[in-house]
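Working notes, beginning with the structure itself.
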Amino acid sequence: MNKKITIGSDHAGYRLKLQIIDHLQKKGFEVIDVGTDSDASCDYPVFAHKVCKNIQDGVTELGILICGTGIGMSMAANKHRGIRAAACSDTFSARLTRQHNNANVLCFGERVVGYGLACDLVDNFVETEFEEGKHARRVNLITEIEREECNR
Ligand code: RB5
């Protein structure tokens, strides 16, 4: 497991982000926090972009994005080439999106999940590897769609 991760949030996910950073650091992770740095109102796509750039640039393999619901962050993140972001609020999905979708960004919402569940989502996500095999074929098909759409 690569013990380096990029994390970002907007104002609505700021407090939970601080708790998740602490959780990850206690597990031995080096955490790169790209903001936001307070609970002052801000725009979630800005921070989705910062996290995704770090993954595209190879700074970290995985990222975490927290907003009010996790949905806006996942929408913004999935506009980036090579990014597979999953908004999850149950641990089964957080695990399976690594195993089957090779998701590289986990999104969730501070207004949806509490601290304990958020930690479990993160643990399931970071501790699970992609299963490859038939799932690689399907993920490659997603990449093909992405390539075609980017050239339209
Ligand atoms: C901010 O109020 C909220 O809209 C944002 O955090 C997020 O939930 C959007 O999807």
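Residue numbering for the sequence shown follows the working numbering, starting at 22 and increasing by one per position. The beta carbon of each residue, even a glycine, is placed where N, CA and C say it ideally should be. Because the structure is a prediction, the values reported are computed rather than measured.
Subject >> Inter-residue CB distance, residue 69 and residue 97 (contact presumed, cutoff 8 Å) >> reply: Taking the first residue of the sequence shown as 1, we reach residue 69 at position 48. Taking the first residue of the sequence shown as 1, we reach residue 97 at position 76. About 4 Å; that satisfies the 8 Å criterion.
**OP:** Could you please give the first and the last residue of the uninterrupted alpha helix (DSSP H) stretch that includes residue 196?
**Re:** Outside the shown range of the chain, which is 22 to 173, sits residue 196, and nothing can be said about it.
Original post:
Say the cut is 7 Å; is the CB of residue 33 nearer than that to a heavy atom of ligand 1?
Top reply: In the sequence shown, the residue the question calls residue 33 occupies position 12. Yes, ligand 1 has a heavy atom inside 7 Å of this Cβ.
Subject >> 8 Å Cβ shell around residue 152 - same chain, five flanking residues per side excluded >> reply: Position 131 of the sequence shown holds residue 152. Correct list, in chain order: 120, 121.
Original post:
So residue 30 is in the beta strand (DSSP E); what residue range does that whole segment cover?
Top reply: On the sequence shown, residue 30 is found 9 positions in, with the first residue counted as 1. Per DSSP, residue 30 belongs to the beta strand (DSSP E) from 25 to 30.
Original post:
Should residue 90 be counted as a contact of ligand 1 given a C-beta to heavy atom distance under 7 Å?
Top reply: For the purposes of this step, residue 90 is taken as the residue at position 69 of the sequence shown. It does: the Cβ of residue 90 is within 7 Å (strictly closer) of some heavy atom of ligand 1.
Original post:
Within the present structure, is the beta-carbon of residue 135 separated from the nearest heavy atom of ligand 1 by less than 7 Å?
Top reply: Locating residue 135 in the sequence shown gives position 114, counting from the first residue. No, since every heavy atom of ligand 1 falls outside the 7 Å radius drawn around the Cβ of residue 135.
Original post:
Residue range of the beta strand (DSSP E) that residue 130 falls in?
Top reply: In the sequence shown, counting from the first residue as 1, residue 130 sits at position 109. From DSSP, the beta strand (DSSP E) with residue 130 extends over 126 to 130.
**OP:** Note down the Cα distance separating residue 112 from residue 126, rounded to an integer number of angstroms.
**Re:** Numbered from 1 along the sequence shown, position 91 holds the residue referred to as residue 112. Numbered from 1 along the sequence shown, position 105 holds the residue referred to as residue 126. If I take the Cα positions, the gap works out to 15 Å.
Original post:
Quick one: does the C-beta of residue 130 sit closer than 7 Å to a heavy atom of ligand 1?
Top reply: In the sequence shown, the residue the question calls residue 130 occupies position 109. Residue 130: yes, Cβ under 7 Å from ligand 1.
Subject >> heavy atom of ligand 2 below 7 Å from residue 93 C-beta >> reply: Here the bound small molecules are ligand 1; ligand 2 is not part of this structure.
**OP:** To the nearest angstrom, report how far apart residue 80 and residue 26 are at their CA atoms.
**Re:** Start at 1 with the first residue of the sequence shown, and residue 80 comes out as number 59. Start at 1 with the first residue of the sequence shown, and residue 26 comes out as number 5. Between residue 80 and residue 26, the C-alpha separation is close to 9 Å.
Original post:
Where does residue 52 sit, in a helix, a strand or coil, going by DSSP?
Top reply: Residue numbering aside, residue 52 sits at position 31 when the sequence shown is read from its first letter. Three-state DSSP puts residue 52 in a strand.
Subject >> Neighbourhood of residue 164 by C-beta distance below 8 Å, restricted to the same chain and skipping five residues each side >> reply: For the purposes of this step, residue 164 is taken as the residue at position 143 of the sequence shown. Cβ neighbours of residue 164 beyond the five flanking positions: 103.
Original post:
Can you list, in chain order, the residues of its chain whose CB lies under 6 Å from that of residue 73, leaving out five sequence neighbours each side?
Top reply: To locate residue 73, count along the sequence shown from 1; it is residue 52. If we look at residue 73 and ignore the five residues flanking it on each side, its Cβ neighbours are 98, 101, 104.
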